[in-house]
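Some notes on the structure that comes next.
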Amino acid sequence: MKILLSCWLVLLSLAAEAAIESYPFSDQQTRERFQSITQELRCPKCQNQNIADSNAEIAQDLRKKVFQMLERGRSDQEIYAYMTERYGDFVLYQPPVEQRTWALWFAPVAILLLGLLTVVWISRVRSRAASSDQSLAEAEQQRLNRLLEQDQDR
Amino acid sequence: MRKVLLFLPLAVFIVLAVVLWRGLSLDPRELPSALLDKPFPAFTLGALHDGKVLLTEKSLPKQPMLINVWATWCPACRQEHPYLMRLAREADTPLIGLNYKDDRDAALAWLKQLGNPYQFTIFDGEGMLGLDLGVYGAPETYLVDAEGVIRHRHVGVVTPEVWAELKQKINQLN
Numbered sequence: 000m001k002i003l004l005s006c007w008l009v010l011l012s013l014a015a016e017a018a019i020e021s022y023p024f025s026d027q028q029t030r031e032r033f034q035s036i037t038q039e040l041r042c043p044k045c046q047n048q049n050i051a052d053s054n055a056e057i058a059q060d061l062r063k064k065v066f067q068m069l070e071r072g073r074s075d076q077e078i079y080a081y082m083t084e085r086y087g088d089f090v091l092y093q094p095p096v097e098q099r100t101w102a103l104w105f106a107p108v109a110i111l112l113l114g115l116l117t118v119v120w121i122s123r124v125r126s127r128a129a130s131s132d133q134s135l136a137e138a139e140q141q142r143l144n145r146l147l148e149q150d151q152d153r
Numbered sequence: 000m001r002k003v004l005l006f007l008p009l010a011v012f013i014v015l016a017v018v019l020w021r022g023l024s025l026d027p028r029e030l031p032s033a034l035l036d037k038p039f040p041a042f043t044l045g046a047l048h049d050g051k052v053l054l055t056e057k058s059l060p061k062q063p064m065l066i067n068v069w070a071t072w073c074p075a076c077r078q079e080h081p082y083l084m085r086l087a088r089e090a091d092t093p094l095i096g097l098n099y100k101d102d103r104d105a106a107l108a109w110l111k112q113l114g115n116p117y118q119f120t121i122f123d124g125e126g127m128l129g130l131d132l133g134v135y136g137a138p139e140t141y142l143v144d145a146e147g148v149i150r151h152r153h154v155g156v157v158t159p160e161v162w163a164e165l166k167q168k169i170n171q172l173n
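Chains as they are written, first to last, in numbering that gives the first Met the number 0: chain A, 0 to 153; chain B, 0 to 173.
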């Protein structure tokens, strides 16, 4: 347990060290906004990292830009718009909901619903089959009884 | 009906296989430029050869051109340089350099040593024009038409194959 905990702590400290430069934020709120924005922006060069996480040159530049825009009092939306104008929707980890991205946003829900429907359908078919099995068994039972009676009559 | 349903898993598998197979040959690093069919971003930057000469988007030639983003810290730029020299000699499309986040002296020494294929070179030491263009690495090459509209972006080394594609697009512009 202790080993697990220390491993976890080491991992945490790695993540904290990934972005090294420090910016002189004017207040705590701006710092938090900076952190959440840089975590939502994807690095165009090292594509599976956000720009908070990456040390690629371009990620450093983008962080600097985000910092400058925040200090100039730009809103989060303005910063996201600035980035998409230059790098496309690609830089957003949460792409906008529009006709082009409907499949992306709604396909998981649709597939889940389809799965649920299939489960319901299969269980219905099964229970119907089970109940019809029983009625068949009853008919057979009657026939069996009849046959047995006939047998006794002889 | 029952029999058709039996083939449903197979159909799903085939569709998935085709989609995933296609996905294998897609290059996730090929990002389309967000500036495609938009005007080249406005800028005011010094020329590489003389920082006092200010260049703007109006300094660009009034004909289709290639704007090549390069830097001395970029190994692939060195690899592409001889071919750019050849294009400068043989093709009649002007080549404009955009020296991106570089050291001026190192860039000048590079051009002196390897030759200068560019009509002129914009010096973007801070990388701010690069940011406006959506550059995320060098080399990148932009095809800009006579009206200053970005028509194509190529990320990576310009090779004869890439040039053939660019040439085709330039011919479509004329």
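Virtual Cβ for every residue (Gly too), placed ideally from N, Cα, C.
Asked                                                                                                                     : Found
Nonlocal neighbours in the same chain, by C-beta distance under 6 Å from A:ALA17, ignoring five residues either side      : Reliability fails at A:ALA17, whose pLDDT of 49 lies under 50, so the model's placement of it is uncertain and the value that follows must be treated cautiously. Cβ within range, chain order: ASP52.
Outcome for B:PRO63 when other beta-carbon atoms lying within 10 angstroms are tallied against a minimum of 16            : buried
The segment 64 to 80 of chain B / the segment 138 to 157 of chain B touching (three or more Cβ pairs under 8 Å)           : yes
At least 3 beta-carbon pairs within less than 8 Å: the segment 94 to 103 of chain B vs the segment 64 to 71 of chain B    : yes
Where A:GLU137 falls: helix, strand or coil (DSSP)                                                                        : helix
Partner residues on chain B for A:PRO43, Cβ-Cβ distance less than 7 Å                                                     : LEU30 and TYR135
Local conformation of B:HIS48 per DSSP, three classes                                                                     : coil
Identity of the residue in A:PHE24, A:TYR86 and A:LYS64 nearest B:TYR135 by Cα                                            : A:TYR86
Residues of its chain near B:ALA105, where Cβ-Cβ distance is below 7 Å and the 5 sequence neighbours each way are ignored : THR71
Integer-rounded CB distance, given that B:ARG103 should sit under 8 Å from B:GLY124                                       : 7 Å
Cα-Cα separation, A:ASN49 to A:GLU70                                                                                      : 21 Å
CB of B:LEU59 within 8 Å of CB of B:PHE39, strictly                                                                       : yes
For A:VAL108, three-class secondary structure by DSSP                                                                     : helix
Cα-Cα separation between A:ALA109 and A:ALA58, rounded to whole angstroms                                                 : 35 Å
Rounded C-alpha distance that separates A:ILE107 from A:THR117                                                            : For the record, residue 107 of chain A in the displayed sequence is Pro; it is not Ile. Between A:PRO107 and A:THR117, the C-alpha separation is close to 15 Å.
Own chain partners of B:ALA145 with C-beta closer than 7 Å, once the 5 adjacent residues on each side are dropped         : LYS61, GLN62 and PRO63
Beta-carbon proximity check, B:ILE169 vs B:LEU142, cutoff 8 Å                                                             : yes
Neighbour list for A:TYR156 in chain B, Cβ cutoff strictly below 8 Å                                                      : Residue numbering for chain A in the displayed model covers 0 to 153; residue 156 of chain A lies beyond these limits and cannot be assessed.
CB contact check: A:ILE78 to chain B, cutoff 8 Å                                                                          : no
Counted within 10 angstroms of its Cβ, other Cβ atoms place B:TYR117 as buried (16 or more) or exposed                    : buried
8 Å Cβ cutoff met for A:THR37 and A:ARG62                                                                                 : yes
Proximal residues, the segment 55 to 76 of chain A versus chain B, C-beta separation under 9 Å                            : ALA55, GLU56, ILE57, ASP60, LEU61 and LYS64
Proximal residues to A:CYS189 (C-beta, below 6 Å), its chain only, five neighbours per side dropped                       : One cannot answer for residue 189 of chain A here, as it falls past the ends of chain A, which runs 0 to 153.
Residue from A:GLN140, A:PHE24, A:GLN98 and A:TYR81 with nearest C-alpha to A:LEU40                                       : A:TYR81
Supposed contact pair B:ILE149 and B:ASP36 - C-beta distance, whole angstroms, cut 8 Å                                    : 7 Å
Alpha-carbon spacing of B:VAL52 relative to B:ALA46, whole angstroms                                                      : 6 Å
B:LEU165 and B:LEU65 closer than 8 Å at C-beta                                                                            : yes
Residue burial classification, B:GLU79 (beta-carbon count within 10 angstroms, cutoff 16)                                 : buried
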